[in-house]
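In the UniProt record's numbering, the protein residues as written are 1 to 303. Comments concern the structure below.
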Ligand code: FDA
């Protein structure tokens, strides 16, 4: 049953029609609990509040699958405004981007050039830019774009998904690149990805421990307290310095735990999505966790 529900919401997240309609309708179904508004000025206030609690942030200008180069160029312009705001306000904040918002689905070289424009400005401001990992059909292309960018820029990294069998090899190859480790949010075939949650969790822990023993910075991105507790113990036992890793969670999820980890002295970063293009992101969150669907239903009934 859980698998059917998950597949339904993943299917909805990919609907071009619903994604474009939702942009016009604005937030509903409780999406505002997980998406920090639509304006740069609004999200800047959210970042300031979290920074005041000792939490750093990464901003995601919501959107994926640009329909043409014009739309991708508009997304780039918005991202450059966000970088200016981070610098102007001296926020403790970096950026997360999805390459299909910047034209990876249209033209790979165009996407590389667009990313270079972004990284040039980010480098000037000393801001790190993380490339989110999307569906497996974009995986090779994303790594190729990363390689091309790394020839010129050091302020860029990406995400490794523990549901992929090949994650361990890719992580080894990217051993000098800042990486975020996640479980993986898309529906993937069994020829490339583990389907069983226990396998995915075990792989996550193996990958994270391997990285923590290395020298390059790693973001451990999960809401799973069992994984976090095991890695906290591992970090203590191995005397791993807190400048080598951080925990990350999504905005609106387990807020108490986010603040507790920061209070305990662990480096913590909240991933904050904002913008009008919220539908695909929100549907993937519903696919992950049936309890989020309950929240949505309550919201639909009582508002
Ligand atoms: P999961 O959803 O598997 O939950 C495990 C257990 O944790 C649950 O059974 C429950 O006990 C507990 N739990 C989880 N959420 C809870 C809650 N809200 N309240 C109480 N208990 C809870 N994916 C991707 O493919 N590409 C990407 O680039 C990214 N980027 C990214 C950034 C960040 C910061 C995060 C946190 C996640 C991503 N993801 C992602 C999504 C990721 O791949 C994954 O789908 C989700 O994080 C869900 O998996 P979890 O590890 O959080 O735990």
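Ideal placement from N, C-alpha and C gives every residue a C-beta, glycine not left out. Computed from a predicted model, the values in this text were never measured in an experiment.
In this structure residue 211 is buried. Its beta-carbon is surrounded by 16 or more other beta-carbon atoms within 10 angstroms. DSSP links residue 96 through a beta bridge to 60, 130. Residue 213 sits in coil when the DSSP states are folded into three classes, being neither helix nor strand.
For residue 132 and residue 146, the gap between their C-alpha atoms comes out near 11 Å. Counting along the chain, residue 227 sits inside the alpha helix (DSSP H) bounded by residues 225–237. Taking 8 Å as the cut-off, one finds at least one heavy atom of the ligand FDA near enough to the beta carbon of residue 197.
With contacts defined by Cβ atoms closer than 9 Å, residue 61 and residue 274 form a contacting pair. For residue 221, the enclosing beta strand (DSSP E) has its first and last residue at 218–221.
Pairing residue 183 with residue 163 gives a Cβ-Cβ distance under 9 Å. Separation of residue 55 and residue 208 (C-alpha to C-alpha, rounded to the nearest whole angstrom) is 21 Å. Cβ atoms of residue 127 and residue 78 stay farther apart than 8 Å, at about 15 Å. Around the beta-carbon of residue 271, 16 or more other beta-carbon atoms lie within 10 Å, marking it buried. Only residues of its own chain outside the window of five on either side were considered, and among them 188, 192 have a CB closer than 6 Å to the CB of residue 136, listed in chain order. In this structure, residue 83 lies away from residue 48, with their beta-carbon atoms at least 9 Å apart.
When DSSP states are grouped into helix, strand and coil, residue 138 belongs to the helix group. About 20 Å separates the beta carbon of residue 180 from that of residue 148, a gap too long to meet the 8 Å contact definition. By the CB criterion at 9 Å, residue 199 and residue 23 fall outside the cutoff. Closest by C-alpha distance to residue 138, out of 256, 5, 159, is 159. Relative to the ligand FDA, residue 13 has its C-beta separated by 8 Å or more from all heavy atoms.
According to the DSSP assignment, residue 281 belongs to no beta strand (DSSP E) but to the alpha helix (DSSP H) extending over 279–288. At a threshold of 8 Å, residue 292 counts as near the ligand FDA, since its beta carbon sits closer than that to one of the ligand's heavy atoms. The nearest non-hydrogen atom of the ligand FDA is 8 Å or more from the C-beta of residue 207.
When DSSP assignments are scanned along the stretch 169–194, the uninterrupted stretches of beta strand (DSSP E) that are 3 or more residues long and fall wholly within it turn out to be 179–182. Relative to the ligand FDA, the nearest heavy atom lies less than 8 Å away from the CB of residue 185. Listed in chain order, the non-local C-beta contacts of residue 142 below 8 Å within the same chain comprise 99, 104, 131, 133, 134, 158, local neighbours out to five positions each way being set aside.
Cα atoms of residue 266 and residue 231: separation of roughly 11 Å, rounded to the nearest angstrom. By alpha-carbon distance to residue 186, the top candidate from 170, 238, 288 is 288. By the neighbour-count criterion, in which 16 or more other beta carbons inside 10 Å mark a residue as buried, residue 9 falls on the buried side.
The three-state reading of DSSP puts residue 158 in strand, counting E and B together.
The closest CA to that of residue 88, considering only 70, 101, 108, 121, is found on 121.
The ligand FDA never approaches residue 179 closely enough for any of its heavy atoms to be under 8 Å from the residue's Cβ. Looking at the DSSP output, residue 270 shares a beta bridge with 57, 249.
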